[in-house]
Amino acid sequence: MSSSPILDERVLQKAKLIADMIASSEEVARFKQAEEKMKRHPDAQALLFNVKALRNRYSQTSLRLGDDHPEAIKAKEAFEAVVDQLEQIPVVEQFQAAQMELNDLLQGITKIVALTMEGFHVEWGKSDEVTASCGSGGCGGGCSAKGCAV
Numbered sequence: 004m005s006s007s008p009i010l011d012e013r014v015l016q017k018a019k020l021i022a023d024m025i026a027s028s029e030e031v032a033r034f035k036q037a038e039e040k041m042k043r044h045p046d047a048q049a050l051l052f053n054v055k056a057l058r059n060r061y062s063q064t065s066l067r068l069g070d071d072h073p074e075a076i077k078a079k080e081a082f083e084a085v086v087d088q089l090e091q092i093p094v095v096e097q098f099q100a101a102q103m104e105l106n107d108l109l110q111g112i113t114k115i116v117a118l119t120m121e122g123f124h125v126e127w128g129k130s131d132e133v134t135a136s137c138g139s140g141g142c143g144g145g146c147s148a149k150g151c152a153v
């Protein structure tokens, strides 16, 4: 089954438009700003390097010896201690918050696309929540339409 090159081009153009809109969103701006702060914070960078090394050590040790082995437990504790130190740095907290906001935006977009493809009527509410209905009118999420209990 081949698709129309014209239709594909229209879809790709719309995808590019959406990508441009996402790139110019406040969420992306906050994320990039927080990311730059993280890159310029020497303590955060050093701890991130240690977190990666300790995560690998813990992962390898637990795979090789099992999660309950004293060496694996020791590696996990060392990893968690450095993560705790890292999370005490304000720029790390800001970065994590910005990352979550951007992730929420992207998940919301994905949800809208998926629900629309399934034939749901999708609306963006005042509380920044995506709501969907089957479009049959008045089912309140209780109808038997395929996947309607959204």
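FYI, the numbering for the sequence shown is 4 to 153, going by the numbering used here. The beta carbon of each residue, even a glycine, is placed where N, CA and C say it ideally should be.
Rounded Cβ spacing between Val85 and Val54 (contact assumed at less than 8 Å): By 1-based counting over the sequence shown, the position of residue 85 is 82. By 1-based counting over the sequence shown, the position of residue 54 is 51. 5 Å between Cβ atoms; contact.
Does DSSP put Glu126 in a helix, a strand or coil? Your numbering for residue 126 matches position 123 in the sequence shown. Note: Glu126 maps to strand in three-state DSSP.
Entirely within the stretch 67-92 and at least 4 residues each: give me those alpha helix (DSSP H) ranges in chain order. For the stretch 67-92, whole alpha helix (DSSP H) runs of length 4 or above, ordered along the chain, are 73-90.
For Glu90 and Asn59, I'd like the C-alpha separation in whole angstroms. Along the sequence shown, read from residue 1 onward, the residue named residue 90 stands at position 87. Along the sequence shown, read from residue 1 onward, the residue named residue 59 stands at position 56. Distance between the alpha carbons of Glu90 and Asn59: 19 Å.
Span of the alpha helix (DSSP H) holding Glu38? Sequence index remark: in the sequence shown, residue 38 carries index 35 (1-based). Note, Glu38: alpha helix (DSSP H), Glu29 to Lys42.
By Cβ distance, which residues of its chain are closer than 8 Å to Lys40, with the 5 residues on each side in sequence left out? On the sequence shown, residue 40 is found 37 positions in, with the first residue counted as 1. So the qualifying residues of the chain are Val94, Gln97 and Phe98.
The stretch 102-117 in contact with the stretch 43-57 per 3-pair CB rule at 8 Å: no
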